[in-house]
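Start counting the sequence shown at 408; every next residue gets the next number (this note's numbering). Positions of the beta carbon are idealized from the N, C-alpha and C atoms, including for glycine. This structure is a prediction, so every number in the text was calculated from the model and none was measured.
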Amino acid sequence: MSQQFRFAALLQWRERQRDEAGAAVGLAVQAINHVDEQRLELMNQLAEVKSSPELNRVGDLSINRLLADGRYSMQLEIEIRTLDDTRRQLVEALHARQEKLVLAEAEVKRFERLKEIDREAEEKEYQRREQLSIDETVTNRYLMQMRKPTTLRETTS
């Protein structure tokens with residue numbers, strides 16, 4: 408009764424596309440998380456530099472140390488802004504990949520629905536043939552009974 412789904416190759420191809428799109432979304436999320444971790448680490452370093460006891464000290468100050476800390480904090484702020492830009496780009500890429508995943512999932516569902524429709528049609532055809540076979544059997548029995556001599560029919564009744 409079961410026959411091969413006529414679009415099986417297309418369904419498998421669409422499923423691969425969906426899986427690849429899902430993997431791409433996963434990679435984008437990982438990249439965003441990595442950037443977030445880096446940003447958090449830089450923010451902690453910046454807070455540490457800004458809360459340095461050297462900066463809050465009154466009296467003997469090392470100008471070289473203050474300049475180095477200032478340059479370092481500026482470098483950290485630049486790196487944080489760069490990471491913010493990178494994150495923004497990654498989020499845009501993530502949204503594009505998510506849209507692609509949604510479209511791929513919709514295509515897979517369409518083909519799965521076609522497969523289900525084919526299966527239902529196959530089942531109906533099988534049931535129709537079964538019914539025809541049963542009807543033919545019943546009709547043949549009836550005709551055979553009708554062809555028996557009338558005396559045999561009357562004795563069996």
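In whole angstroms, what is the alpha-carbon distance linking residue i and residue j?
i	j	result
Met481	Leu508	40 Å
Glu530	Gln411	13 Å
Lys555	Leu418	57 Å
Lys516	Val498	27 Å
Leu474	Val442	28 Å
Ala430	Thr493	20 Å
Ala500	Leu490	15 Å
Gln534	Gln424	36 Å
Asp525	Glu506	29 Å
Ile439	His502	12 Å
Gly459	Glu444	The amino acid at residue 459 is misidentified as Gly; the sequence shows Ser. Their backbone Cα atoms lie some 23 Å apart in a straight line.
Arg520	Ala416	15 Å
Asp542	Glu514	42 Å
Ser469	Glu484	22 Å
Leu434	Leu447	20 Å
Glu523	Glu512	16 Å
Gln452	Tyr479	10 Å
Glu532	Val432	42 Å
Taking all protein chains shown into account, decide if residue i is buried (16 or more other Cβ within 10 angstroms of its Cβ) or exposed.
i	result
Leu550	exposed
Leu510	exposed
Val545	exposed
Arg504	buried
Leu539	exposed
Ala454	exposed
Rounded to the nearest angstrom, how far is the Cβ of residue i from that of residue j, given a contact under 8 Å?
i	j	result
Arg486	Leu449	This sequence places Glu at residue 486; Arg is not what is there. Confirmed, Cβ separation roughly 5 Å.
Val456	Asp476	6 Å
Margin query: Restricting to runs no shorter than 4 residues, where is the alpha helix (DSSP H) found entirely within the segment 439-487?
Written below: 460-463
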